[in-house]
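Protein chains in written order, with the numbering used here: chain A, 3 to 171; chain B, 3 to 450. Glycine included, C-beta positions come from ideal geometry on N, C-alpha and C. Here the structure is a predicted model, which is why all the values come from computation and not from measurement.
Structure follows, in structure tokens:
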């Protein structure tokens with residue numbers, strides 16, 4: 003129940019953000035006459051850009067140590083991503099799975115793949131079609147937080163959705 | 003006094019002591035009635051003293067080469083932790099004729115146990131030759147006499163082969179100095195690390211590079227019999243298995259699959275590669291025939307199955323799997339049948355690597371916040387940990403099955419990983435010199 007409420011809340015927020023005057027030219031499925039893949043400037047679809055997705059929708063979810071389980075927070079975040087993807091149908095997504103440094107190299111490549119697959123499955127459960135989603139694993143090779151402490155490691159245990167097919171913004 | 007008997011006893015005591023006691027502190031009594039050559043007390047070994055008399059030569063050029071050869075060989079021996087080199091300032095006798103016997107008493111009084119004399123020549127065909135004699139000062143006789151002949155560029159290999167001959171005679175262990183290391187050189191900051199494949203002699207000399215830093219390349223492994231390396235490289239953001247010809251630098255993608263492939267290792271006959279293939283988030287172990295490119299799936303399980311390693315007889319494969327909940331070591335037949343769990347201790351066990359002697363598995367163990375390099379038998383018994391630090395990972399075996407190399411990472415933002423060696427008793431932990439950061443070492447077989 004709580005999860006459904008959160009999900010509906012997330013979808014409502016994204017829908018509300020979409021319902022501004024700039025978006026009037028867009029039909030419900032996002033393919034506007036101005037060109038869904040057009041720039042964010044003159045035709046005014048700032049929501050349909052990579053930077054909007056990263057900043058406003060949220061491009062990443064986090065995992066517990068040695069886990070690929072999608073938490074409640076992650077579920078809500080992925081729902082928001084799915085809602086955005088339903089508005090911008092030309093967008094595809096590459097989900098990157100990452101690990102912290104506290105593991106061995108090959109296992110972490112496999113765990114990163116599990117994490118990416120878990121995000122992908124969750125996106126699909128929210129209606130994103132499989133042909134729009136790719137997965138990759140970087141294991142522990144691409145940390146973003148560099149200290150050797152849990153406050154950094156938890157930032158590195160992540161699934162990042164990188165959108166493609168829309169302007170960078 | 004039988005030198006072979008001493009070293010066997012030493013090795014047996016050291017192994018027993020390491021099994022029964024923490025590696026840092028061993029104490030036992032020697033049962034020999036005569037003065038023992040090697041003392042093991044409180045974890046300290048008394049090294050054997052060896053002296054290198056300046057090699058004789060007819061020209062300054064050949065003499066200087068002789069010095070280099072002796073220096074590289076001495077460095078190999080001292081690096082084992084089992085030898086101490088006597089300072090030439092202490093020498094009493096000056097030898098001027100390679101064929102004469104030394105004045106043994108002159109060496110005994112300065113406590114030299116083994117003496118190396120040698121001669122360095124330029125041969126008529128534009129090549130070089132080195133000959134040496136190993137003298138047993140205690141028994142007052144020549145123990146070895148060998149001659150090497152090769153191109154001028156081969157002087158380092160001559161030095162390593164000489165050191166191997168000396169080492170084998172005195173310790174009764176197999177050779178390992180005439181070998182190479184493949185590894186990953188790491189440079190740059192932690193969030194933009196550059197990695198490229200490199201090769202070097204086991205003592206750190208002769209570093210060369212196989213790939214550039216444009217793409218992440220990692221985990222190189224030698225073919226046992228061909229001049230090839232298997233490794234992984236990221237292409238289109240995915241890890242794939244490649245095989246490279248060492249001499250030509252030519253590389254070939256062999257793991258083109260949906261998903262990713264990684265963790266490659268050659269079979270003992272060098273004709274197959276065992277690896278992990280990941281599909282839809284699930285990672286299993288496959289063997290690929292390099293000639294036909296056919297693959298056989300060995301594991302079918304939702305668990306992560308990775309880090310496979312062949313036994314030296316090619317009949318079995320050790321690997322890690324988290325099918326029981328956390329990473330543990332398993333062994334199966336090379337056709338995927340009869341999967342048996344081998345590790346049962348607390349903690350996570352990974353990266354199992356079979357010793358070339360077939361008697362031991364080396365592995366990485368994570369427990370209570372520390373990473374260790376450890377050993378156990380293939381039956382999962384007599385586990386002991388050789389190292390422990392913030393992060394030790396990825397052991398590889400020297401050709402004689404008595405020394406391991408691994409890499410060590412350090413906490414914090416700025417330190418790069420480095421390579422280390424340790425012997426199977428847990429002694430003689432040493433950093434391997436590399437120009438920059440280094441990880442993922444792989445030790446070759448003895449060179450032809």
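**Asked** Quick one: which chain A residues come within Cβ less than 7 angstroms of residue 352 of chain B?
**Response** Translated into positions along the second chain, residue 352 of chain B becomes position 350. By Cβ distance, chain A contributes 106 and 109.
**Asked** So what's residue 107 of chain B in DSSP terms, helix, strand or just coil?
**Response** Position 105 of the second chain holds residue 107 of chain B. Helix at residue 107 of chain B.
**Straight-line gap, residue 288 of chain B to residue 298 of chain B (C-alpha atoms, nearest Å)** = Counting from 1 along the second chain, the entry for residue 288 of chain B is found at position 286. Counting from 1 along the second chain, the entry for residue 298 of chain B is found at position 296. Looking at the two C-alpha atoms, the distance is approximately 5 angstroms.
**Prompt:** residue 62 of chain A to residue 237 of chain B, Cα distance in whole Å?
**Reply:** Residue 62 of chain A sits at position 60 when you count from the first residue of the first chain. Residue 237 of chain B sits at position 235 when you count from the first residue of the second chain. Looking at the backbone, the Cα of residue 62 of chain A and that of residue 237 of chain B are separated by about 23 angstroms.
**Asked** Can you tell me the Cα-Cα spacing of residue 427 of chain B and residue 388 of chain B, whole angstroms?
**Response** Mapped onto the second chain, residue 427 of chain B falls at position 425. Mapped onto the second chain, residue 388 of chain B falls at position 386. Straight-line Cα distance between these residues: approximately 7 angstroms.
**Request:** Quick one: give me the first and last residue of the beta strand (DSSP E) that residue 332 of chain B is part of.
**Result:** What you label residue 332 of chain B is simply residue 330 of the second chain in a count that begins at 1. Taken as a continuous stretch (DSSP letters only), the beta strand (DSSP E) holding residue 332 of chain B covers 330-335.
**Short Cβ contact (7 angstroms threshold) for residue 338 of chain B with residue 300 of chain B** = Translated into the one-based positions of the second chain, residue 338 of chain B becomes position 336. Translated into the one-based positions of the second chain, residue 300 of chain B becomes position 298. Cβ distance < 7 angstroms, so residue 338 of chain B and residue 300 of chain B count as in contact.
**Asked** Count the other CB atoms within 10 Å of the CB of residue 141 of chain B; is the residue buried (16 or more) or exposed (fewer)?
**Response** Reading the second chain from its first residue, position 139 is the one you call residue 141 of chain B. The residue is exposed, with fewer than 16 neighbouring Cβ atoms inside 10 Å.
**Message:** For a contact defined as C-beta to C-beta under 8 angstroms, what are the partners of residue 280 of chain B on chain D?
**Reply:** Note that chain D does not occur in the displayed structure, where the protein chains are A and B.
**Prompt:** Which residue comes first and which comes last in the alpha helix (DSSP H) that contains residue 124 of chain A?
**Reply:** Counting from one through the first chain, the residue named residue 124 of chain A turns up at place 122. Residues 107-127.
**Item:** Under 9 angstroms by beta carbon: chain B residues contacting residue 149 of chain A
**Value:** What you label residue 149 of chain A is simply residue 147 of the first chain in a count that begins at 1. Contact annotation for residue 149 of chain A against chain B: 413, 414 and 415 [CB-CB distance below 9 angstroms, chain order].
**Asked** Can you tell which of B/178, B/135 and B/163 has the C-alpha that lies nearest to the C-alpha of residue 358 of chain B?
**Response** For the purposes of this step, residue 358 of chain B is taken as the residue at position 356 of the second chain. Closest by alpha carbon: B/178.
**Item:** For residue 142 of chain A, three-class secondary structure by DSSP
**Value:** In the first chain, residue 142 of chain A corresponds to position 140, counting from 1. Correct three-state label for residue 142 of chain A: coil.
**Item:** Cβ neighbours of residue 164 of chain A in the same chain (closer than 6 angstroms, five flanking residues each side left out)
**Value:** As a working note, residue 164 of chain A is residue 162 in the first chain. Excluding residues within five positions, the ones whose Cβ falls inside 6 angstroms are 96.
**Asked** Are the beta-carbon atoms of residue 393 of chain B and residue 189 of chain B separated by less than 7 angstroms?
**Response** By 1-based counting over the second chain, the position of residue 393 of chain B is 391. By 1-based counting over the second chain, the position of residue 189 of chain B is 187. Contact flag unset, no.
**Prompt:** Between residue 441 of chain B and residue 75 of chain B, what straight-line distance do the alpha-carbon atoms span, to the nearest angstrom?
**Reply:** The count along the second chain starts at 1 and reaches residue 441 of chain B at position 439. The count along the second chain starts at 1 and reaches residue 75 of chain B at position 73. Taking the straight line joining both Cα atoms gives about 25 angstroms.
**Prompt:** In three-state terms, what does DSSP make of residue 267 of chain B?
**Reply:** The residue labelled residue 267 of chain B in the question sits at position 265 within the second chain. Strand at residue 267 of chain B.
**Request:** Answer with yes or no whether the minimum CB distance from residue 169 of chain A to chain B is below 7 angstroms.
**Result:** Residue 169 of chain A sits at position 167 when you count from the first residue of the first chain. No, because no Cβ of chain B sits closer than 7 angstroms to the Cβ of residue 169 of chain A.
**Message:** I'd like to confirm the pairing. Which residues does DSSP put opposite residue 138 of chain B in its beta bridges?
**Reply:** Reading the second chain from its first residue, position 136 is the one you call residue 138 of chain B. BP columns for residue 138 of chain B point to B/116 and B/143.
**Proximity to residue 184 of chain B [Cα-Cα], best of B/224, B/175, B/130 and B/213** = Here residue 184 of chain B refers to the residue found at position 182 of the second chain. It is B/224.
**Asked** Nearest-angstrom Cα distance between residue 121 of chain A and residue 72 of chain A?
**Response** Here residue 121 of chain A corresponds to residue number 119 of the first chain, with the count starting at 1. Here residue 72 of chain A corresponds to residue number 70 of the first chain, with the count starting at 1. If you take the alpha carbons of residue 121 of chain A and residue 72 of chain A, they lie about 7 angstroms apart.
**Asked** Among residues of its own chain, excluding the 5 on either side of residue 306 of chain B, which ones have a beta-carbon nearer than 6 angstroms to its beta-carbon?
**Response** Indexing the second chain from 1 puts residue 306 of chain B at position 304. Once the five neighbours on either side are set aside, the close Cβ partners of residue 306 of chain B are 285 and 324.
**Message:** Bridge partners for residue 393 of chain B per DSSP, in chain order?
**Reply:** Mapped onto the second chain, residue 393 of chain B falls at position 391. Per DSSP, B/411.
**Prompt:** In its own chain, which residues sit with a C-beta less than 7 angstroms from the C-beta of residue 402 of chain B, not counting the 5 before and 5 after it?
**Reply:** Counting from one through the second chain, the residue named residue 402 of chain B turns up at place 400. 175, 176, 177 and 178, listed in sequence order.
**Asked** Counting pairs of Cβ atoms below 8 angstroms between the segment 47-58 of chain A and the segment 107-121 of chain A, do you hit three or more?
**Response** Because the criterion of three Cβ pairs below 8 angstroms is not met, the segment 47-58 of chain A and the segment 107-121 of chain A do not touch.
**Asked** Looking at the structure shown, is residue 87 of chain A part of a helix, part of a strand, or coil, going by DSSP?
**Response** Working through the first chain from its first residue, we reach residue 87 of chain A at position 85. Three-state result, residue 87 of chain A: helix.
**residue 142 of chain A burial status per 10 Å Cβ neighbour count (16 or more: buried)** = Here the question's residue 142 of chain A lines up with position 140 in the first chain. Residue 142 of chain A is buried by the Cβ-count criterion.
**Prompt:** When burial is assigned at 16 or more other CB atoms within 10 Å of the CB, is residue 211 of chain B buried or exposed?
**Reply:** In the second chain, residue 211 of chain B corresponds to position 209, counting from 1. By the neighbour-count rule (16 or more Cβ atoms within 10 Å), residue 211 of chain B is not buried but exposed.
**Nearest neighbour of residue 269 of chain B, chosen from B/283, B/231 and B/316 [CA to CA]** = Here the question's residue 269 of chain B lines up with position 267 in the second chain. Among B/283, B/231 and B/316, the Cα nearest to that of residue 269 of chain B is on B/316.
**Message:** Let me see if you follow: with CB-CB separation under 7 angstroms, is residue 37 of chain B close to chain A or not?
**Reply:** Residue mapping note: residue 37 of chain B aligns to position 35 of the second chain, counting from 1. Unreliable positioning characterises residue 37 of chain B in this predicted model, as indicated by a pLDDT of 36, which lies under 50. The coordinate reading is nonetheless provided below. It does not; no Cβ of chain A falls within 7 angstroms.
**Message:** Contact between the segment 87-106 of chain A and the segment 121-135 of chain A is defined here as three or more beta-carbon pairs at a separation below 8 angstroms; is this criterion met?
**Reply:** yes
**Message:** If we define contact as Cβ-Cβ less than 7 angstroms, is residue 119 of chain A a contact residue for chain B?
**Reply:** The count along the first chain starts at 1 and reaches residue 119 of chain A at position 117. For residue 119 of chain A, the answer is yes, since a Cβ of chain B falls inside 7 angstroms of its Cβ.
**Prompt:** Alpha carbon to alpha carbon, how far is residue 169 of chain A from residue 234 of chain B?
**Reply:** For this step, residue 169 of chain A is matched to residue 167 along the first chain. For this step, residue 234 of chain B is matched to residue 232 along the second chain. Approximately 32 angstroms between the Cα atoms of the pair.
**Request:** Quickly, what does DSSP pair residue 315 of chain B with across the bridge? List them, please.
**Result:** Looking up residue 315 of chain B in the second chain gives position 313. Answer by DSSP bridge pairing: none, since residue 315 of chain B is not bridged.
**Message:** For residue 381 of chain B and residue 344 of chain B, what's the separation of their Cα atoms in angstroms?
**Reply:** On the second chain, residue 381 of chain B is found 379 positions in, with the first residue counted as 1. On the second chain, residue 344 of chain B is found 342 positions in, with the first residue counted as 1. Approximately 6 angstroms, taken between the alpha carbons.
**Item:** Nearest neighbour of residue 139 of chain B, chosen from B/147, B/104 and B/209 [CA to CA]
**Value:** In the second chain, counting from the first residue as 1, residue 139 of chain B sits at position 137. Ranking the options by Cα distance to residue 139 of chain B, first place goes to B/104.
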